[in-house]
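Here the structure comes first, spelled out in structure tokens, and everything after it is commentary.
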Amino acid sequence: MSTLLGISLISLSISLHPAALTYPQTIPNTILSEKSQPMGTYVGELQELWQFPSDHLPIAMTLDHLNFVSWNVLDAEYMSWVTEKNSQGISRSMIADEHVYINQSRLTIRDRHIADLILQMVSHPTHPRSILSLQECSKSFIEELRQRLPSYFEIISNHGNAVLLDRHCFDLTAAKEVSGVFSDAPYRSFQDISIRRRDTGQPLRLINAHLPGDPNQPGRFEFARYLARTFDPELTTIAMGDMNFDELEMEDAMKQAFPNNSSFSLYSPYCTNISPDVFKSKAIDHFLVYSPEKSPVALNSPDEIMPGLNPIISLMHLQ
2 MSTLLGISLI
12 SLSISLHPAA
22 LTYPQTIPNT
32 ILSEKSQPMG
42 TYVGELQELW
52 QFPSDHLPIA
62 MTLDHLNFVS
72 WNVLDAEYMS
82 WVTEKNSQGI
92 SRSMIADEHV
102 YINQSRLTIR
112 DRHIADLILQ
122 MVSHPTHPRS
132 ILSLQECSKS
142 FIEELRQRLP
152 SYFEIISNHG
162 NAVLLDRHCF
172 DLTAAKEVSG
182 VFSDAPYRSF
192 QDISIRRRDT
202 GQPLRLINAH
212 LPGDPNQPGR
222 FEFARYLART
232 FDPELTTIAM
242 GDMNFDELEM
252 EDAMKQAFPN
262 NSSFSLYSPY
272 CTNISPDVFK
282 SKAIDHFLVY
292 SPEKSPVALN
302 SPDEIMPGLN
312 PIISLMHLQ
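Okay, so the sequence shown: first residue is 2 according to our numbering, each after it adds one.
What follows is the structure in structure tokens.
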């Protein structure tokens, strides 16, 4: 096996517009519609090699000088899938080592580590995050963030999903929790948030989603139809999150929801998770971006997100 020493970000665009990449690539830049197979490869049981506090990797992008990140931070309530069932082959990883509750609280050392990394992202020297879209947030983790984030950050939290918003940059104009979209999980909700830029007055719409992942259920199609049903051609819209389906499956869902060629572009930078039991890496965390002005999206390199991320991404692309 040879491990990739660097990682590139692949633009996957429904509207066939590749994102601008500004550094050398080690994975071919592939237009989504030209692909017959999704990203990913067999990685085996990584175990102690997985020195990262979540089973998902964050993804990040820049649009109109705004820096976004999306990350499933792994709720400790689901830890048995990692530690007991070893479903992803990382039961002896950092995740398990740091799953230690602090002083009889519901907060773990791992939760605190993730909060540390979020603080690093919001104060990054070149790409400070002004919008963070998080999934699988426990109540104790949200409280930890409220205590530690800079006072100018607002947290909008609904049933495990949370958007962190820099109020120096944005005014919050509306926020709603949307449920009843997924027929197999009507209780599963996502966030639909409207904000306005303070510098330009431009309105933006943010959707933070964690889709139900049963491959035999229509969750991806129902989510895509929601985007089509609520689409506003004059409004910049960014849907992001753990979508539980790979880039080709999400492209298919979007094409069916927008039969006349969607203006949304799908960005899946790299593999972010390991398939249970089969130990294959997959890209299931995505950005879906619509810009009326067709503003370019720059996918951020690992070092532009947080220190030490690149070696973990490389593990997901072993060959």
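Glycine residues also receive a C-beta, built at the ideal position from the N, C-alpha and C atoms.
Note that the coordinates shown come from a computational prediction; the quantities given were computed from them, not determined experimentally.
Euclidean distance between Cα positions of residue i and residue j
i           : j           : result
residue 300 : residue 63  : 6 Å
residue 191 : residue 50  : 33 Å
residue 218 : residue 177 : 25 Å
residue 284 : residue 127 : 26 Å
residue 275 : residue 89  : 6 Å
residue 200 : residue 193 : 22 Å
residue 94  : residue 230 : 42 Å
residue 111 : residue 169 : 29 Å
residue 324 : residue 282 : In this structure the chain extends from 2 to 320, so residue 324 is not present and cannot be described.
residue 196 : residue 298 : 19 Å
residue 38  : residue 165 : 34 Å
residue 238 : residue 247 : 21 Å
residue 251 : residue 215 : 14 Å
residue 207 : residue 173 : 11 Å
residue 105 : residue 167 : 32 Å
residue 277 : residue 312 : 21 Å
residue 326 : residue 133 : With the chain covering 2 to 320 only, the question about residue 326 has no answer from this structure.
residue 179 : residue 305 : 32 Å
residue 316 : residue 68  : 25 Å
residue 244 : residue 273 : 11 Å
residue 287 : residue 116 : 22 Å
residue 85  : residue 171 : 43 Å
residue 225 : residue 263 : 10 Å
residue 255 : residue 153 : 36 Å
residue 101 : residue 145 : 15 Å
Neighbour-count burial assignment, residue i, 16 or more Cβ in a 10 Å radius
i           : result
residue 44  : buried
residue 290 : buried
residue 70  : buried
residue 175 : exposed
residue 130 : buried
residue 227 : buried
residue 83  : buried
residue 185 : exposed
residue 294 : exposed
residue 81  : exposed
residue 266 : buried
residue 79  : exposed
Contact set for residue i: own chain, Cβ-Cβ below 8 Å, skip 5 residues either direction
i           : result
residue 307 : 59, 118, 121, 122, 125
residue 161 : 76, 136, 137, 138, 139, 211
residue 91  : 46, 47, 48, 51, 56, 83, 97, 275
residue 223 : 182, 183, 184
Close beta carbons around residue i, own chain, < 7 Å, minus the five adjacent residues each side
i           : result
residue 65  : 296
residue 314 : 8, 58, 271, 303
residue 114 : 54, 99
residue 163 : 135, 138, 143, 156, 157
residue 187 : 180, 181
Heavy atom of the ligand GTP within 8 Å of residue i beta-carbon
i           : result
residue 178 : Among the components modelled here there is no ligand, and therefore nothing to report on the ligand GTP.
Nonlocal neighbours in the same chain, by C-beta distance under 6 Å from residue i, ignoring five residues either side
i           : result
residue 220 : 183, 212, 213
residue 52  : 95
residue 142 : 112
residue 292 : 237
residue 205 : 196, 237
Residue(s) in a DSSP beta bridge with residue i
i           : result
residue 274 : 283
residue 154 : 167
residue 72  : 135
residue 60  : 71
is_contact[residue i, chain C] using C-beta, thresh 9 Å
i          : result
residue 62 : Among the chains of the structure shown, chain C does not appear; only one protein chain is present.
Any contact between the stretch 63-79 and the stretch 250-263? By contact I mean 3 or more CB pairs, one from each, below 8 Å. Output reads no: the stretch 250-263 does not touch the stretch 63-79.
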